[in-house]
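Everything on this sheet refers to the single structure shown next.
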Amino acid sequence: MKFPKIFTLKEIASIIKAEFIGDENFPIYGTNEIHRVKKGEIVFVDHPKYYEKALNSNATTILINKKVDCPEGKSLLISDDPFRDFNAINGYFRDFSLKNQMIATDLDIGDNTIIQPGVFIGNQVKIGKNCIIFPNVVIHDFTTIGDNVIIQSGSVIGGDAFYYKNRGYSFDRLKSVGNVIINDNVEIGSNCTIDRGVTDSTIIGEGSKLDNLIQIGHDTVIGKKCLIASQVGIAGCCIIEDEVTIWGQVGVASSITIRSKAVILAQSGVSKNLEGNKTYFGYPADEAKSKLKELATLKKLVK
Amino acid sequence: MKFPKIFTLKEIASIIKAEFIGDENFPIYGTNEIHRVKKGEIVFVDHPKYYEKALNSNATTILINKKVDCPEGKSLLISDDPFRDFNAINGYFRDFSLKNQMIATDLDIGDNTIIQPGVFIGNQVKIGKNCIIFPNVVIHDFTTIGDNVIIQSGSVIGGDAFYYKNRGYSFDRLKSVGNVIINDNVEIGSNCTIDRGVTDSTIIGEGSKLDNLIQIGHDTVIGKKCLIASQVGIAGCCIIEDEVTIWGQVGVASSITIRSKAVILAQSGVSKNLEGNKTYFGYPADEAKSKLKELATLKKLVK
Amino acid sequence: MKFPKIFTLKEIASIIKAEFIGDENFPIYGTNEIHRVKKGEIVFVDHPKYYEKALNSNATTILINKKVDCPEGKSLLISDDPFRDFNAINGYFRDFSLKNQMIATDLDIGDNTIIQPGVFIGNQVKIGKNCIIFPNVVIHDFTTIGDNVIIQSGSVIGGDAFYYKNRGYSFDRLKSVGNVIINDNVEIGSNCTIDRGVTDSTIIGEGSKLDNLIQIGHDTVIGKKCLIASQVGIAGCCIIEDEVTIWGQVGVASSITIRSKAVILAQSGVSKNLEGNKTYFGYPADEAKSKLKELATLKKLVK
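Residue numbers (the numbering used here), protein chains in the order written: chain A, 273 to 575; chain B, 273 to 575; chain C, 273 to 575.
Take a look at the structure:
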């Protein structure tokens, strides 16, 4: 994602004390995950299995733990611990600071927007016009909220991603330096949790409506006019296209794509990509028709 | 439900600029949904499929998008968009205002009731005696709470209903102007969400106990002495009769009735009405005995 | 658990107006549940079915509703209502008071720990160094938190246990006088609820990481380096050993033991103890391999 700062390859190499391959003035605009990385951004890779994918991705700088040939027009940062150094670099691009005031002084807020009591708003947050932020909502740093948005009481927007590297002796947290973008006309219920992206944005598309106690993981992108019922959990890095309907207590595993106008019946567990314009049911979620046949077959067997 | 104001048919017609059929002084006490509407109240209907039901309901005023014969002793409001106009009328009956103080000055509170810090209390709220409202609870406008009630930290009482009309180009929210009634000796855990009724009351019956992270939808009525475990989700317009036990992570679809003393085992999904005095399991929830037979049968088939 | 006060048998008997059998100076250090009770502590029993178990437990004082022979080296308290009297005794050992300030003045807090706005902290709480407590978190009385702990926004630590005695005419709450212990390097997501022990401690082991909207019941002990995904619910009195991984929306019934390095796949329901080093799936949760075979078999039957 676009960060407020630009660095050169040499500057980044010096921050993490790494060797580099490429022009010392090679420009770096930010960091990102492999699925969403763009020109000008760094991606990290620390397992030979993923070297090719990282080197051939849209990333123009690859933070890697082996000295390999540098692809044409790209640059490399050589590190003995790319995860640790990626974390360190992230801290330089964005400053998530822990201030001790309820509402940061740099809040950019539109006309007719109402912030009720008990709301916490971090730094560099933008909120459009005609919004209502109900009591005790927490909005973390860098969140961007459009017009006509309603966020009901107790919801937490922009919490840290649940993203760890298993070091054996411990789980090391990957710092999340992305943000949350909530587009126009979105409504979010009470006590929801929408995590911010690790390096990119978690996005709730225009006109989508979320009920209460919903979990949206880091870097997940929800399309336009989706309807998501209470207690649904969507893991990180998912893509939910436009006009998808997800009923109560459904779970969606990480990195899943659900195509436009799919309907997921209540309590289903989605563990693989789903085509659009169909109705799904069960765990693992399958087309509702075939799942219901299975249930009927089983019932007959017993009788 | 009883609203604080009374209007005449002519006054309501003038508010929404609608034609009316009936005595211009015909009294209107409020609005309601078709399942709970009473004499003196308006119901709306915008689909021919439901015209008969609405005209024959307990409603004495029907807001309808076709000029039909007015039933004896009733009145009609003719509108090209009953949903839009129902919303507009609701705003006149009850004033949900967004004040900027933690505890409204008109709070009616009983002896020995303790409100801990960080609690938000909206307008026209009543709380009985010997209650404990733990930190950071949010209690919205018009909520009524009995005696000896405990609400643990972070719960949200009286949030907006999740109720939209699909306009094709957008989902339009039906304004919720009902409330939540929590009767004597009820206890509610932490970070629960209990939505207010759309036009009527969401009710938690005397002596019922709710664990943490529970969702109760709009207009749902929970009976006396029910026990509801953590992370249960009950959708809108359900009736849960007395002494029902619902174990963890159960989901109940909207408009379901569960009769007295039913027991629903953990993680079940209730998608049809259930008789009382029985134990249920699975999704769709069925009598536990037959569901367990199915599981055993399936297991044998594999071996 | 260790309480701050010590009583004699005679003193306790006088508080609850009960007959006692044993030396009047017999020392009593606290109360506890039968599974965790230790020397010096009281256990209560009110059903003949459990008399033997209680009398032979580690408890050295048994609060019982029948005059039985006192085991060697122990003492008895004879009560017509052991539940009521256990509750009364608990109130004497620990004083959970309801103060009206956001952060208690007796907070014991380490260097570099940051408490963000809107946080409530009860009495006798200890927080180590280098911790971050995000906005609107609630930490109840007697909670102990180690070093390098992160608790994200809106989580509630140390709420009352969901533990009732069915009296027929009502559910009577067992007062929870235990606490929550969160060890070093633990991270807890947003809007989680971790209940305190009834008489002992609910414990989150060193280095364990919890995602958002997770429920941990009273007296449950989570081991070291566990990974628990969003919307998991673990009931009371469970033991989750070290390095267990629990994916999203899993439910674990009360008093279950899950051995070290077990992996529980998403949405599973755990209703019996599970061995370590295996992967489980489904409800009731079984080894994933056999569950997947069952699903495949069922699918074939239909085709």
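We treat Cβ as the ideally placed atom computed from N, Cα and C, and that holds for glycine.
- In the DSSP annotation of this structure, T465 (chain C) is not part of any alpha helix (DSSP H); the continuous beta strand (DSSP E) holding it starts and ends at 465-467.
- If the five residues before and after E547 (chain C) are omitted, its C-beta is found closer than 6 Å to the C-beta atoms of R531, all from its own chain and listed in chain order.
- Residues of chain A whose Cβ lies closer than 7 Å to the Cβ of R468 (chain B) do not exist, since the nearest Cβ in that chain is about 11 Å away.
- When C-beta distances to chain C are compared with 9 Å, the residues of the region 379-411 of chain B below that value are I386, I387, Q388, P389, G390, I404, F406, P407, N408, in chain order.
- Residue range 281-287 is occupied by the alpha helix (DSSP H) that includes L281 (chain A), with no beta strand (DSSP E) assigned at that position.
- Residues of the region 433-461 of chain A that bring their beta carbon within less than 8 Å of a beta carbon in chain C comprise F434, Y436, S442, F443, R445, in sequence order.
- With contacts defined as CB atoms closer than 8 Å, G294 (chain B) and L327 (chain B) fail to qualify as a contacting pair.
- N438 (chain B) sits in a strand when the DSSP states are folded into three classes.
- Against K571 (chain C), the close residues of chain A are D558, S562, E566, in the order they occur along the chain (beta-carbon pairs closer than 9 Å).
- The straight-line gap separating the alpha-carbon atoms of P556 (chain B) and V524 (chain B) is approximately 10 Å.
- In this structure, C510 (chain A) lies near I528 (chain A), with their beta-carbon atoms less than 8 Å apart.
- Per DSSP, the continuous alpha helix (DSSP H) segment holding D357 (chain A) begins and ends at 354-365.
- Assignment of S562 (chain A) by DSSP, reduced to helix, strand and coil, places it in the helix class.
- Judged by their CB atoms, L379 (chain C) and V397 (chain C) are nearer to each other than the 8 Å cut-off.
- By the Cβ neighbour-count rule, T471 (chain A) is buried, with 16 or more other Cβ atoms within 10 Å of its own.
- For R439 (chain C), the number of other beta carbons within 10 angstroms of its own is below 16, and it is reported as exposed.
- For E291 (chain A), the enclosing beta strand (DSSP E) starts and ends at 291-293.
- Within chain B, the residues placing a beta-carbon under 9 Å from that of N372 (chain C) are I386, I387, Q388, P389, ordered along the chain.
- Interface with chain A (8 Å Cβ-Cβ cutoff): A538 (chain C) is included.
- Against chain B, the beta carbon of S502 (chain A) has neighbours under 8 Å at F434, T465, Q487, G489, G505, A507, listed in chain order.
- DSSP, read as helix, strand or coil, puts E459 (chain B) in strand.
- The beta-carbon of G479 (chain A) is placed less than 8 Å from the nearest beta-carbon of chain B.
- If you draw a straight line from the Cα of I306 (chain A) to the Cα of I361 (chain A), it comes to about 16 Å.
- For the region 312-340 of chain A, the beta-carbon criterion of a distance under 7 Å to any beta-carbon of chain C is satisfied by none of its residues.
- Selection C:G477, C:I288, C:S425, C:I417 evaluated against L370 (chain A) yields C:S425 as nearest (Cα-Cα).
- For Q373 (chain B), the number of other beta carbons within 10 angstroms of its own is below 16, and it is reported as exposed.
- Rounded to the nearest whole angstrom, the CA to CA distance from S540 (chain A) to A538 (chain B) is 15 Å.
- At least 8 Å separates the CB of G430 (chain B) from every CB of chain C.
- Residue-level contact by beta carbon fails for A285 (chain A) and chain C, as no gap is shorter than 8 Å.
- Against chain C, a Cβ distance below 8 Å from V535 (chain B) picks out nothing, because the smallest value is about 13 Å.
- Straight across, the Cα-Cα distance linking V574 (chain C) with I518 (chain C) is about 32 Å.
- Residue contact with chain B for Y555 (chain C): present (Cβ-Cβ distance below 8 Å to some residue of chain B).
- Here L370 (chain C) carries a coil assignment [DSSP, helix/strand/coil].
- Three or more beta-carbon pairs separated by less than 8 Å link the region 336-352 of chain A to the region 282-298 of chain A, which places the two stretches in contact.
- Listed by position along chain B, the residues whose Cβ is nearer than 7 Å to that of G520 (chain A) are G505, A507, G523.
- Assigned with DSSP and collapsed to three states, Y552 (chain A) falls in strand.
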